[in-house]
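Only one structure is covered here, and it is reproduced in the block below.
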Amino acid sequence: MSWTIENYDRLLIALWEHIQLVGVGLAIALAIGLPLGVLSARRPGFALVVLLVSGALYTVPALAIFALLIPYLGLGFWPAIVALVAYALLIIIRNVATGLQEISPDVLDAADGMGYGRWRRLFAIELPLALPVIIAGIRITVVTQVSVATVAAFINAGGLGDIIFQGITQDFGEKVVAGAVVTSALAILCDESLRRVELRLRANQAEHA
Amino acid sequence: MTGWIAANPSIFLGALENHLWLTGVALSAVLLIALPLGLLLTRHRGFANAAIALVNILRTIPSLALLVIMLPLLGTGFLPSVVALTLYGLPALLLNTYTGLTEVDADIVEAARGQGFSDAQVMTRIEIPLALPVIFAGIRTAAVQIVSAATLAAFIGGGGLGELITAGMANFNFPQLIAGAVAVAGLALFVEVAFALLERLMTRQLRLGAS
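For the protein sequence lines, the chains are A and B, in the order given. Residue 1 in our numbering sits at position 1 of the first sequence, with consecutive numbering throughout. Residue 151 in our numbering sits at position 151 of the second sequence, with consecutive numbering throughout.
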């Protein structure tokens with residue numbers, strides 16, 4: 001434990017870098033995925049194409065995506081972000097589309113009858129109702145991104161993977177384990193807190209229904 | 001990239017072969033553990049909740065973390081890689097086996113018992129066939145997860161196609177790096193599509209059998 005205690009500041013910096021990778025990756029993925037998800041819910045043909053492309057991206061192993069990006073984007077933070085966004089798209093688009101499609105047509109009819117326009121209906125009625133399913137998607141996305149961001153250290157993007165890789169090169173078991181345990185703890189913490197948000201949202205909606 | 005493969009066929013094929021061994025052995029271990037364990041959990045529901053909570057935590061652990069935690073426990077090489085990959089693929093199949101079996105309509109099971117089916121008959125003729133599509137979806141997820149995570153086995157000396165990527169990076173041999181990346185991406189997509197087709201074929205067979 002001595003290394004961990006003496007170098008807790010290095011672990012914290014790596015943790016912060018890791019959170020930045022996931023945070024920026026998630027924000028960009030949401031900015032792209034939300035509109036594409038809304039569009040997919042409206043147009044089944046478009047949904048098929050988007051889900052096929054993002055599904056293929058999702059299947060490619062993280063290390064392979066990072067390696068393939070090197071000739072085009074080089075090393076560092078931003079190439080890692082590109083890969084993190086690529087991974088997130090499938091789940092966000094799919095869950096936004098599913099969440100919107102699961103809304104009862106009666107609710108939409110009622111909104112139309114009350115004179116809601118298309119955009120107002122989307123933002124005031126549809127997206128709030130789809131929120132639990134969207135949050136469920138964000139939860140899977142964040143857990144996946146915490147995992148993929150660990151491998152991002154391979155292309156010098158920093159984060160907790162850096163501690164792990166340093167430990168492997170230096171043949172220093174404690175450092176490897178410290179990096180792995182903090183990464184796992186971060187993933188478990190994100191998963192559990194987002195699960196609670198999702199449950200609370202569902203409970204709220206059930207109460208109002 | 002193809003030039004590198006043509007110039008180094010034995011290195012490439014060795015890495016591919018090792019990748020397939022890692023995946024094959026880990027997936028077999030997952031099947032051997034998850035299928036009976038999933039079935040067992042449906043018979044002990046009280047125990048099942050605790051087990052599922054545990055498996056949900058295991059599912060959340062990043063693949064690289066799971067692999068490198070093996071280093072101090074089991075050292076480097078093939079065995080620690082297979083153990084980590086087995087743990088990584090296990091949750092998908094275990095959860096689907098359990099869910100698939102518990103979702104079988106209780107009325108159908110009751111009707112079968114009424115017709116004099118024994119416990120073993122109910123299990124092999126009713127529960128397992130009806131749960132099979134969900135179970136198979138779990139096998140597919142586990143297979144894709146394992147083939148993908150096996151790329152990271154290179155970091156703990158487990159070999160596989162990931163080694164072409166790590167060695168290519170270490171020696172600034174970009175054709176080798178790209179060859180490894182394209183091969184492993186192709187392999188993962190192949191496994192995904194192959195299992196999806198198998199799944200569709202099987203579901204159709206089951207439906208034909210039922211009608």
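Here a beta-carbon is modelled for each residue, glycine too, at the ideal position from N, C-alpha and C.
Proximal residues of chain B, C-beta to C-beta of residue i below 9 angstroms
i          : result
Val-22(A)  : None at all; the shortest Cβ gap to chain B is about 11 angstroms.
Val-143(A) : Arg-59, Thr-60, Pro-62
Ile-81(A)  : Going along chain B, no residue has its Cβ under 9 angstroms from Ile-81(A), so there is no contact; the nearest lies around 18 angstroms.
Ser-147(A) : Thr-60, Ile-61, Pro-62, Ser-63, Leu-64, Ala-65
Asp-191(A) : Asn-56, Ile-57, Arg-59, Thr-60
Ala-187(A) : Thr-60, Ile-61, Pro-62, Ala-65
Residue i: contacting residues in chain B (beta-carbon distance under 8 angstroms)
i          : result
Pro-71(A)  : Phe-174, Ile-178
Ile-168(A) : Val-68, Leu-71, Phe-155, Ile-156
Beta-carbon proximity of residue i to residue j, cut-off 8 angstroms
i          : j          : result
Ser-63(B)  : Tyr-98(B)  : no
Leu-94(B)  : Gly-38(B)  : yes
Gly-173(A) : Leu-71(B)  : yes
Leu-41(B)  : Ala-51(B)  : yes
Leu-164(B) : Leu-177(B) : yes
Ala-15(B)  : Val-82(B)  : no
Ile-93(A)  : Leu-36(A)  : yes
Leu-130(B) : Val-104(B) : yes
Leu-15(A)  : Leu-186(A) : yes
Pro-133(B) : Met-1(B)   : no
Ala-143(B) : Val-191(B) : yes
Gly-100(B) : Ile-135(B) : yes
Leu-90(A)  : Arg-139(A) : no
Val-176(A) : Leu-11(A)  : no
Gly-160(B) : Asn-8(B)   : no
Ile-108(B) : Ile-128(B) : no
Thr-60(B)  : Ile-146(B) : no
Leu-201(A) : Leu-131(A) : yes
Leu-189(B) : Thr-59(A)  : yes
Ala-83(A)  : Phe-66(A)  : yes
Ser-184(A) : Ala-65(B)  : yes
Ala-112(B) : Val-122(B) : yes
For residue i, the nearest candidate out of the options (CA to CA)
i          : options                                        : result
Gly-3(B)   : Leu-197(B), Phe-190(B), Asp-107(B), Gly-180(B) : Gly-180(B)
Leu-96(A)  : Lys-175(A), Ala-56(A), Asp-112(A), Leu-34(A)   : The sequence shown places Val at residue 96(A), rather than the Leu named in the question. The residue with the shortest Cα to Cα distance from Val-96(A) is Leu-34(A).
Leu-85(A)  : Ala-203(A), Ala-185(A), Gln-145(A)             : Rather than Leu, the amino acid found at residue 85(A) in this sequence is Val. Ranking Ala-203(A), Ala-185(A), Gln-145(A) by Cα distance to Val-85(A) puts Gln-145(A) first.
Gly-158(B) : Ala-84(B), Gly-116(B), Asn-8(B)                : Ala-84(B)
Ala-297(B) : Gly-113(A), Ile-163(A), Ala-64(A), Thr-183(A)  : As shown, chain B starts at 1 and ends at 211. That puts residue 297(B) outside it, with no answer to give.
Ala-154(B) : Val-144(B), Ala-170(B), Ala-143(B)             : Ala-170(B)
Ile-69(B)  : Leu-89(A), Ala-206(A), Gly-167(A)              : Gly-167(A)
Gly-179(A) : Phe-165(A), Leu-131(A), Glu-192(A)             : Phe-165(A)
Thr-141(A) : Ile-13(A), Ser-54(A), Asn-7(A)                 : Ser-54(A)
Glu-207(A) : Leu-129(A), Ile-163(A), Val-182(A)             : Leu-129(A)
Leu-68(A)  : Val-182(B), Glu-127(B), Ala-194(B)             : Val-182(B)
Leu-198(B) : Gly-168(B), Leu-35(B), Arg-140(B)              : Arg-140(B)
Gly-77(B)  : Ala-185(B), Val-122(B), Trp-21(B)              : Trp-21(B)
Leu-30(A)  : Asn-204(A), Ile-188(A), Gly-137(A), Ile-103(A) : Gly-137(A)
Phe-195(B) : Ala-137(B), Ala-111(B), His-44(B)              : Ala-137(B)
Asp-162(A) : Ile-32(A), Pro-44(A), Ile-70(A), Phe-77(A)     : Phe-77(A)
Partner residues on chain B for residue i, Cβ-Cβ distance less than 7 angstroms
i          : result
Thr-183(A) : Pro-62, Ala-65
Thr-150(A) : Pro-62, Leu-64, Ala-65
Ala-180(A) : Ala-65, Val-68, Ile-69
Proximal residues of chain A, C-beta to C-beta of residue i below 7 angstroms
i          : result
Gly-162(B) : Leu-63
Glu-192(B) : Thr-59
Leu-71(B)  : Gly-173, Val-176
Ile-218(B) : Outside the modelled stretch of chain B, which goes from 1 to 211, sits residue 218(B), for which no answer is possible.
Thr-151(B) : Pro-61, Leu-63, Ala-64
Leu-79(B)  : Within chain A, no residue comes near Leu-79(B); the closest Cβ sits about 17 angstroms away, beyond 7 angstroms.
Ala-181(B) : Ala-64, Ala-67, Leu-68
Residues near residue i in its chain [Cβ-Cβ closer than 8 angstroms; skip 5 each side]
i          : result
Leu-122(A) : Val-38
Leu-108(A) : Arg-121, Ile-125, Glu-126
Val-55(B)  : Leu-90, Pro-91, Leu-94, Leu-95
Close beta carbons around residue i, own chain, < 6 angstroms, minus the five adjacent residues each side
i          : result
Ala-149(A) : His-18, Leu-21, Val-22, Gly-159
Leu-75(A)  : Ile-155, Asn-156
Ala-41(A)  : Ala-97, Leu-100, Gln-101
Phe-12(B)  : Ile-5
Ala-62(A)  : Val-148, Val-151
Val-253(A) : Nothing about residue 253(A) can be reported from this structure: the residues present for chain A run from 1 to 209 only.
Thr-86(B)  : Ala-26, Ala-29, Val-30
Leu-57(A)  : Ala-86
Thr-4(A)   : Ala-178
Ile-28(A)  : Val-85
Listed by chain order, chain C residues near residue i by CB distance under 7 angstroms
i        : result
Thr-4(A) : Absence of chain C from the displayed structure is noted, the protein chains being A and B.
Contacts around residue i, its chain only, beta-carbon distance under 7 angstroms, and the 5 residues preceding and following it disregarded
i          : result
Val-197(A) : Ile-135
Val-24(A)  : Ile-81
Cys-190(A) : Val-142, Val-143, Val-146
Thr-203(B) : Pro-133
Gln-205(B) : none
Within chain A, partners of residue i - CB distance below 8 angstroms
i          : result
Leu-197(B) : Per Cβ cutoff of 8 angstroms: no residues; Leu-197(B) is ~14 angstroms from chain A at best.
Leu-189(B) : Ala-56, Thr-59, Val-60
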